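Quick note: to get the working numbering, add 33 to the position in the sequence shown (first position is 1).
Glycine included, every Cβ here is placed at the ideal spot set by N, Cα and C.
As the structure is a computational prediction, the values presented were derived from the model and not from experiment.
What follows is a short report on a single structure.
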Amino acid sequence: MSIRQGIAEYALISAFKDSRFNKIAPKELPLLECGISLLTDFEDASSYLDWTVGVHGIHISFPNPSIYPSTDSSAPSPLSSSSFLPRFLSRHTLSATFLPHVMVEQGWDKIEAIDSAIRKAGWDGSITEEIRRSIRLRRYQSRKCEVGWDKFAQWRRGNGDQDI
């Protein structure tokens, strides 16, 4: 899929299928801003702490702890993520992502960001060091572009849409 196709497709998905947001009222249009983050430079991290707040976004995935209960009673260093993590079917794996700016805006350190991502992924049980160590983390960077309603409306009119 080209970048142009991807942006168009995900703009529609986020506008019409993202249940996190209420419908936009016509009176809110002049207050809108649109931002697009192009995700780049994906890298597998060596542990759940192998990324930099303010530089990297994070995508985590981990086995659902309610399906795969704890088998380890020790608590090694967070930097000692297991090199053997079995592959699970996607329905048995939880995942979440945060763009690079989210951690900065929320004032989170790495642990707070990881724990928030674990919650975002759907885990509502106790967050243990074992769960953190089971995480497979991909870090990435992003380039963000934003435009306000006035600029958008001007662009649309310039491209023949006089009804905006």
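#1: Using beta-carbon positions only, say whether Ala-186 and Ile-197 come within less than 8 Å of one another.
#2: Which residue wins for smallest C-alpha separation from Pro-133, given the options Asn-97, Thr-85 and Ile-144?
#3: Give me the residue from Asn-192, Arg-165, Leu-72 and Ala-58 with the minimum Cα distance to Cys-178.
#4: Comparing C-alpha positions only, which one of Asn-192, Asp-183, Ile-100 and Gln-174 sits nearest to Ala-78?
#5: With three or more C-beta pairs closer than 8 Å as the rule, is the region 80 to 96 touching the region 134 to 150?
#6: With which residues is Ser-70 paired in a DSSP beta bridge?
#7: Quick one: Cα of Gln-195 to Cα of Phe-75, how far?
#8: Taking DSSP as the reference, what is the three-state secondary structure of His-92?
#9: Relative to the C-alpha of Thr-130, which candidate in Lys-60, Lys-153, Ile-160 and Pro-98 has its C-alpha closest?
#10: Beta-carbon separation of Ile-144 and Ile-151 under 8 Å?
#11: Please return the same chain residues whose Cβ sits closer than 6 Å to the Cβ of Trp-182, not counting the five positions on each side in sequence.
#12: Quick check on Tyr-43: buried or exposed, where buried means 16 or more other Cβ atoms within 10 Å of its Cβ?
#13: Quick check on the burial criterion: 16 or more other C-beta atoms within 10 angstroms. Buried or exposed for Phe-95?
With the given structure in hand:
#1: yes
#2: Thr-85
#3: Leu-72
#4: For Ala-78, the nearest C-alpha among the options comes from Gln-174.
#5: yes
#6: According to DSSP, which records beta bridges pairwise, Ser-70 is partnered with Lys-177.
#7: In a straight line, the C-alpha of Gln-195 is about 41 Å away from that of Phe-75.
#8: strand
#9: Thr-130 has its Cα closest to that of Lys-153, out of Lys-60, Lys-153, Ile-160 and Pro-98.
#10: In this structure, Ile-144 sits away from Ile-151, with a CB-CB distance that is not shorter than 8 Å.
#11: Leu-62, Pro-63 and Leu-65
#12: That one is exposed.
#13: buried
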